[in-house]
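The structure under discussion appears below in the form of structure tokens.
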Amino acid sequence: MASHTLEDGPIMLKVRFPTPCDLAALGVKVGMALLWENGGLLLGNSFRFDMSRSTAWIPPVIKTMASPWEVSLRLRTLVRRLLERIPDAGLAPLLPCAEDLAYGSLTGISCNSEAAIHAVSSVRRLVQGICEGDLREIDVAIGRIVGLGPGLTPSGDDVLVGAILGMNAV
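Read in order, the letters of the sequence shown are residues 2 to 171 in my numbering.
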């Protein structure tokens with residue numbers, strides 16, 4: 002969930018809340034189920050989001066792609082710039098290893114995030130499944146990544162959306 006004033010993006014539900022709004026005071030809790038029911042999303046017993054006027058976000062088509070070398074260079078530059086800001090929670094500790102993950106060469110990670118440690122083998126399986134066109138391997142890997150990590154939208158879901166958007170761009 003995000004403010005209706007933000008730009009459109011993947012896996013985002015833009016909501017116009019009354020101001021000021023304290024979701025915790027309204028009974029919204031971490032880990033609360035978000036269910037699809039009668040054309041809307043139901044968040045606990047507190048909120049029902051009418052989805053009848055919602056639209057799907059369709060990102061702009063990328064007209065040209067950088068070479069694999071250029072993508073790697075840009076990824077390393079981005080990681081260097083973000084290194085000090087990367088949180089310790091969820092799958093964020095995997096960011097410095099993104100290039101190794103993309104090539105399937107990362108075998109483990111040393112960090113304080115159980116989610117990140119657990120995700121390494123699953124992301125490696127996902128990459129291998131994609132490279133080999135092995136739909137069963139892809140399905141197993143996705144099943145292990147989806148819902149992994151903290152947050153209303155867990156880190157694992159963010160990783161999968163990023164992978165899908167990246168592959169769609171290629």
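The beta carbon of each residue, even a glycine, is placed where N, CA and C say it ideally should be.
Please read all numbers here as calculations on a predicted model, not as lab measurements.
(request) Buried or exposed for A120, please, with buried defined as at least 16 other CB atoms from any protein chain shown within 10 angstroms of its CB. (result) Residue 120 sits at position 119 when you count from the first residue of the sequence shown. So A120 counts as buried.
(request) Run the CB neighbour count on V62, radius 10 Å, all protein chains shown included, and call it buried at 16 or more, exposed below. (result) As a working note, residue 62 is residue 61 in the sequence shown. Counting Cβ neighbours within 10 Å, V62 comes out exposed, since fewer than 16 surround it.
(message) Can you tell me where the beta strand (DSSP E) holding G41 begins and where it ends?
(response) By one-based count along the sequence shown, residue 41 stands at place 40. That run of the beta strand (DSSP E) goes G41 to L44.
(message) Report the start-end ranges of each alpha helix (DSSP H) in the segment 46-71 that is 4 residues or longer and not cut off at the edges.
(response) Positions of the alpha helix (DSSP H) runs, each at least 4 residues long and wholly inside the segment 46-71, cannot be given because no such run exists.
(request) Determine the extent of the alpha helix (DSSP H) in which E138 is found, giving its start and end residues. (result) Translated into the one-based positions of the sequence shown, residue 138 becomes position 137. Taken as a continuous stretch (DSSP letters only), the alpha helix (DSSP H) holding E138 covers L136 to I146.
(request) Using alpha carbons as the reference points, say which of L127, D135, M33 and G45 lies closest to S106. (result) Translated into positions along the sequence shown, residue 106 becomes position 105. Ranking the options by Cα distance to S106, first place goes to L127.
(message) Among K64, M66 and C98, whose alpha-carbon lies nearest the alpha-carbon of T78?
(response) Residue 78 sits at position 77 when you count from the first residue of the sequence shown. Looking at the Cα atoms, C98 is the closest of the given residues.
(request) Spatial neighbours of S123 within its chain, please: CB distance less than 6 Å, with the 5 preceding and 5 following residues excluded, ordered by chain position. (result) Translated into positions along the sequence shown, residue 123 becomes position 122. Excluding residues within five positions, the ones whose Cβ falls inside 6 Å are A142, R145 and I146.
(request) Identify whether V31 lies in helix, strand or coil by the three-state DSSP scheme. (result) Mapped onto the sequence shown, residue 31 falls at position 30. Under the three-state reduction of DSSP output, V31 falls in the coil class, being neither helix nor strand.
(request) Measure the C-alpha to C-alpha separation of G134 and S111 and round it to an integer number of angstroms. (result) In the sequence shown, counting from the first residue as 1, residue 134 sits at position 133. In the sequence shown, counting from the first residue as 1, residue 111 sits at position 110. For G134 and S111, the distance between alpha carbons rounds to 30 Å.
(request) Could you pull the start and end residues of the alpha helix (DSSP H) that E100 belongs to? (result) As a position in the sequence shown, residue 100 is number 99, starting the count at 1. Judged by DSSP secondary structure, E100 falls within the alpha helix (DSSP H) whose first and last residues are A99 to A103.
(message) Let's test the definition: count the other Cβ atoms within 10 Å of the Cβ of S68 and tell me whether it reaches 16, buried, or not, exposed.
(response) Indexing the sequence shown from 1 puts residue 68 at position 67. With fewer than 16 Cβ atoms within 10 Å of its Cβ, S68 is classed as exposed.
(request) Measure the C-alpha to C-alpha separation of L161 and G41 and round it to an integer number of angstroms. (result) Numbered from 1 along the sequence shown, position 160 holds the residue referred to as residue 161. Numbered from 1 along the sequence shown, position 40 holds the residue referred to as residue 41. Rounded to the nearest angstrom, the gap between the Cα atoms of L161 and G41 is 24 Å.
(request) Could you pull the start and end residues of the alpha helix (DSSP H) that L127 belongs to? (result) For the purposes of this step, residue 127 is taken as residue 126 along the sequence shown, with counting starting at 1. Taken as a continuous stretch (DSSP letters only), the alpha helix (DSSP H) holding L127 covers E115 to E133.
(request) Compute the Euclidean distance between the alpha carbons of D89 and I118, then round it to the nearest angstrom. (result) Indexing the sequence shown from 1 puts residue 89 at position 88. Indexing the sequence shown from 1 puts residue 118 at position 117. Rounded to whole angstroms, D89 to I118 spans 12 Å at the Cα level.
(message) Excluding the 5 residues flanking E100 on each side, which residues of the same chain have their C-beta closer than 7 Å to its C-beta?
(response) For this step, residue 100 is matched to residue 99 along the sequence shown. A distance below 7 Å between beta-carbons, with the five flanking residues on each side excluded, links E100 to the following residues of its chain, in chain order: S73, L76 and R77.
(request) Return the CA-CA distance between G148 and L96, expressed in angstroms with no decimal places. (result) In the sequence shown, residue 148 corresponds to position 147, counting from 1. In the sequence shown, residue 96 corresponds to position 95, counting from 1. Approximately 18 Å between the Cα atoms of the pair.
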